[in-house]
Amino acid sequence: MALSKKQRQTEYTYTQVVPVVFCSDSSQVDRIMHLCGIPRSLTYNKLGSLQGWGLDWKKADSIVRAIIKPERVNLPSKLWEWSVNDTMKAISAQQSAAKVFLIQEIWRKYPITSNTLQRLKWVEENKGKKKGDELKAVKQKGLELFPPCSVEIARNRLFELLNTDPTQDNWLHRKFRARYQRGHTFVRNQIVYQSQGYVCKRINRHSVELQIQGLERGKRIILKLRCRYIIKGQIRVILNELGSLEVHCTRSLWLILPSGKPTQKLGIDKGYTEGFYTSEGKTIAPGLGKLMTEKTERIAKTNRNRYRIRAFGESIAPQDPQKASRILKNNLGYKVKSRKLKREKETIKNFIRSDLRRNITTPVDIICEDLTQPIQGKQQAKRINRKLNSWMKGELQASLEKISVETGSTRSFVNPAYTSQVDHLTGTLLGSRKGDRFIRYTGDVIQADWNASINICIRATDNNITRYMKSGDVESELLTRTVGYLASIGKSVTDALNLGWLKPKFKAKALKLEEKYHS
2 MALSKKQRQT EYTYTQVVPV VFCSDSSQVD RIMHLCGIPR SLTYNKLGSL QGWGLDWKKA
62 DSIVRAIIKP ERVNLPSKLW EWSVNDTMKA ISAQQSAAKV FLIQEIWRKY PITSNTLQRL
122 KWVEENKGKK KGDELKAVKQ KGLELFPPCS VEIARNRLFE LLNTDPTQDN WLHRKFRARY
182 QRGHTFVRNQ IVYQSQGYVC KRINRHSVEL QIQGLERGKR IILKLRCRYI IKGQIRVILN
242 ELGSLEVHCT RSLWLILPSG KPTQKLGIDK GYTEGFYTSE GKTIAPGLGK LMTEKTERIA
302 KTNRNRYRIR AFGESIAPQD PQKASRILKN NLGYKVKSRK LKREKETIKN FIRSDLRRNI
362 TTPVDIICED LTQPIQGKQQ AKRINRKLNS WMKGELQASL EKISVETGST RSFVNPAYTS
422 QVDHLTGTLL GSRKGDRFIR YTGDVIQADW NASINICIRA TDNNITRYMK SGDVESELLT
482 RTVGYLASIG KSVTDALNLG WLKPKFKAKA LKLEEKYHS
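Just so you know, our numbering puts 214 at position 213 of the sequence shown, and the rest follows in order with no gaps.
Shown next, in the form of structure tokens:
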């Protein structure tokens, strides 16, 4: 069925894991996996630090070959090249992850100015439906009307150095060293093949035969896979933790998106008791906290028992080494443990995504907190840490991304500082949160997560609180608004503190801002 012109579609790529049911020469496969670890280690040793910053992955092979030739380790040239290229792509991904945090640091050091905001607003109003050279002319005119200030020039300079040589600026070099750590690899369990390195043939409707390149020229290794389609593109032959072979390949799926663009904004607050709470007052994935708690408590109990068994085995090892080895082999394995953990993770993932699909069915602009920054220096009890570490921030984010692709929605990220401590009706820090309740300064009680989700939605249009602003600066901005609001209702900071409207931790800063406000 042909798509109508109004229907939009997007390509969704995912990894398919295909089990291997037969291998003609498993010893040779193990040998190739071990040899492929050599170019991987060399690539990380040579290009895993500053020398490989910004390097194109296609140029990595010639640099690594200058150290050792593939003939010296008896590895075919193509397998060597594919291993080096794959490792360099992993290094590039690590660099991109570091760049995300470095860009945040640059924006915190040089925040957006009012001049830049005026230019962006002017370009947005005048660009219309212009594209290409016409759009460039509009942007150039905007630069002439609102020329870059010193802050913007310094910021652009750091962005250029970030892509070329971060060591040229002392501040950027310090941040670079803190964010980008030298990488190492100990991978000895996989082989990377491109399409010219294997041949895939169908055996029957349930299985295919994969002939992969071996160490000897012209002699291929035969793998039989439980698969219904012909494999194409880059593949990985991996020896998993259970000692069996599997093939990882990528597949593409075309999704037909709903017609129309997002017209509604939806603020979403991520939580532990429930997965999400929307600005419309809906709860998504309720009971997630119960599932997570049961999972963490079960893992903790299992690990305690395993430690006791291990200690018992070590204590009897001098007297009965055979029994100690049997305990280690039969009672302290990871097969059942890994299988249970994988099953629980899949259950939680399906629970989150199925409820998201029920609540988000049309294109919307999803506004959520940017929680990529790790929480440092937070000392908690072991029990609390265990729950927080298992709180699947990454899975919640991945679920939102998946649903946004399926529904044609867009995602926007805002600064997460003080979203749960601000009263959404006044935009001030008057009031307090206690558990799932937010008590306003008037005495009214509202749902705390709902209040936070509305604040997240409002913050998307707040030009004074940017995404990468420091939490201290966000606090100052909110206290300034609080002081102004108190003055408008005829109250002072001292009155708010005495009445319990404002928390005592804001006292010193609020009093200074009040003096500045009235001066």
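All residues carry an ideal CB built from backbone N, CA and C; glycine is no exception.
Sorting 313, 292, 325 and 63 by C-alpha distance to the C-alpha of residue 342 places 292 at the top. Put simply, the backbone Cα of residue 345 is about 21 Å away from that of residue 402. Take the alpha-carbon of residue 213 and the one of residue 183: they are about 33 Å apart.
Around the beta-carbon of residue 424, 16 or more other beta-carbon atoms lie within 10 Å, marking it buried.
A direct Cα-to-Cα measurement between residue 107 and residue 157 gives close to 9 Å. Contact between residue 372 and residue 266 does not hold, since their C-beta atoms are separated by about 19 Å, which reaches or exceeds 8 Å. Bounds of the alpha helix (DSSP H) holding residue 102 are 78 to 110. Checking the DSSP bridge columns, you'll see residue 434 partnered with 439.
Within the model, the alpha-carbon separation for residue 313 versus residue 394 is close to 37 Å. Distance from the CA of residue 479 to the CA of residue 148, rounded to the nearest whole angstrom, comes to 30 Å.
Apart from the 5 residues on each side of it in sequence, residue 325 sits with its Cβ closer than 8 Å to the Cβ of 314, 315, 317 and 318 in its chain, given in chain order.
Under the criterion of beta carbons closer than 8 Å, residue 368 and residue 447 do not qualify as touching, at roughly 19 Å. About 6 Å separates the CB atoms of residue 457 and residue 415; that is less than 8 Å, so the two are in contact. In the structure shown, the three-state DSSP call for residue 334 is coil. Closest in C-alpha terms to residue 428, from the list 468, 476 and 406, comes 476. 18 is the residue among 285, 520, 18 and 98 whose C-alpha sits nearest the C-alpha of residue 237.
Residue pairing by DSSP leaves residue 173 without any beta bridge partner. Non-local beta-carbon contacts of residue 500 in its own chain, meaning distances under 6 Å to residues more than five positions away in sequence, are absent.
Shortest Cα-Cα distance from residue 494 to any of 89, 320, 431 and 451 involves 431.
By the C-beta criterion, the region 20 to 29 is judged to be in contact with the region 212 to 226, since at least 3 inter-stretch pairs fall below 8 Å. Residue 141 and residue 114 have their alpha carbons spaced roughly 18 Å apart.
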